[in-house]
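**Student:**
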Amino acid sequence: MNQENFIAALFILQDGTRDLSRCPSSVPRDGYLFVQEERCYQFVIFQEKYWVDARNDCNNKGGSLVIIKDQQTQQFIMASLGYLGNSKQGIWIGLSDSRKELQWEWVNADTATGRARKAGPMGCT
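Residue numbers (the UniProt record's numbering): 1 to 125.
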């Protein structure tokens, strides 16, 4: 991401973090909770978990692992990770090939397009 895109994404991040009242009460109101386009994003970046454990943790909090539907969401996630100092370690997202090897689908059962990359800790939406 070049600096111009990062600044635009960071502006979206800063502008979208104000109203946490619509986020589930089970999610702590801390520096890792953001709102973007009516969605709450909790970045759980300092806990190491397997993908299935990260998915279960999100489900137990009333959410799911993040589904990245568009470039704006991707930029928001990347800017948030940069803002939180975790731009190189990554997060678990809601993409899996657990039903069939190399057949990627989102946790909502939508088929994924494009290429998957290495993942790390987790983030919930």
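Heads up, the beta-carbon is just placed ideally off N, CA and C, and yes, glycines get one too. Note that the structure is a prediction, hence the values are computed from the model and not measured.
DSSP three-state label for residue 46, please.
**Tutor:** Here the question's residue 46 lines up with position 46 in the sequence shown. Reduced to three states, the DSSP call for residue 46 is coil.
**Student:** By the three-class DSSP mapping on this structure, what secondary structure does residue 98 have?
**Tutor:** Here residue 98 is taken as the residue at index 98 of the sequence shown, counted from 1. Note: residue 98 maps to coil in three-state DSSP.
**Student:** To the nearest angstrom, how far is it from the Cα of residue 111 to the Cα of residue 68?
**Tutor:** The residue labelled residue 111 in the question sits at position 111 within the sequence shown. The residue labelled residue 68 in the question sits at position 68 within the sequence shown. Near 12 Å, if we compare the C-alpha coordinates of residue 68 and residue 111.
**Student:** Given 6 Å as the limit, tell me if residue 72 has its C-beta closer than that to any heavy atom belonging to the ligand COA.
**Tutor:** The model depicted lacks the ligand COA and carries no ligand whatsoever.
**Student:** Got a sec? Which residues, its chain only, sit under 6 Å from residue 23 by beta carbon, not counting five neighbours each side?
**Tutor:** The count along the sequence shown starts at 1 and reaches residue 23 at position 23. Around residue 23: 40.
**Student:** Does DSSP classify residue 40 as helix, strand or coil?
**Tutor:** By 1-based counting over the sequence shown, the position of residue 40 is 40. Looking at residue 40 - three-state DSSP - the assignment turns out to be strand.
**Student:** With DSSP collapsed to three states, give me the class of residue 104.
**Tutor:** Stepping through the sequence shown from its first residue, residue 104 is reached at position 104. DSSP places residue 104 in coil when its eight states are reduced to three.
**Student:** Drop a sphere of 10 angstroms on the beta-carbon of residue 2, count the other beta-carbons inside from all chains shown, and report buried for 16 or more, exposed for fewer.
**Tutor:** Working through the sequence shown from its first residue, we reach residue 2 at position 2. With a pLDDT of 40 at residue 2, under the threshold of 50, the modelled position of that residue is not reliable, and the figure given next carries that caveat. That one is exposed.
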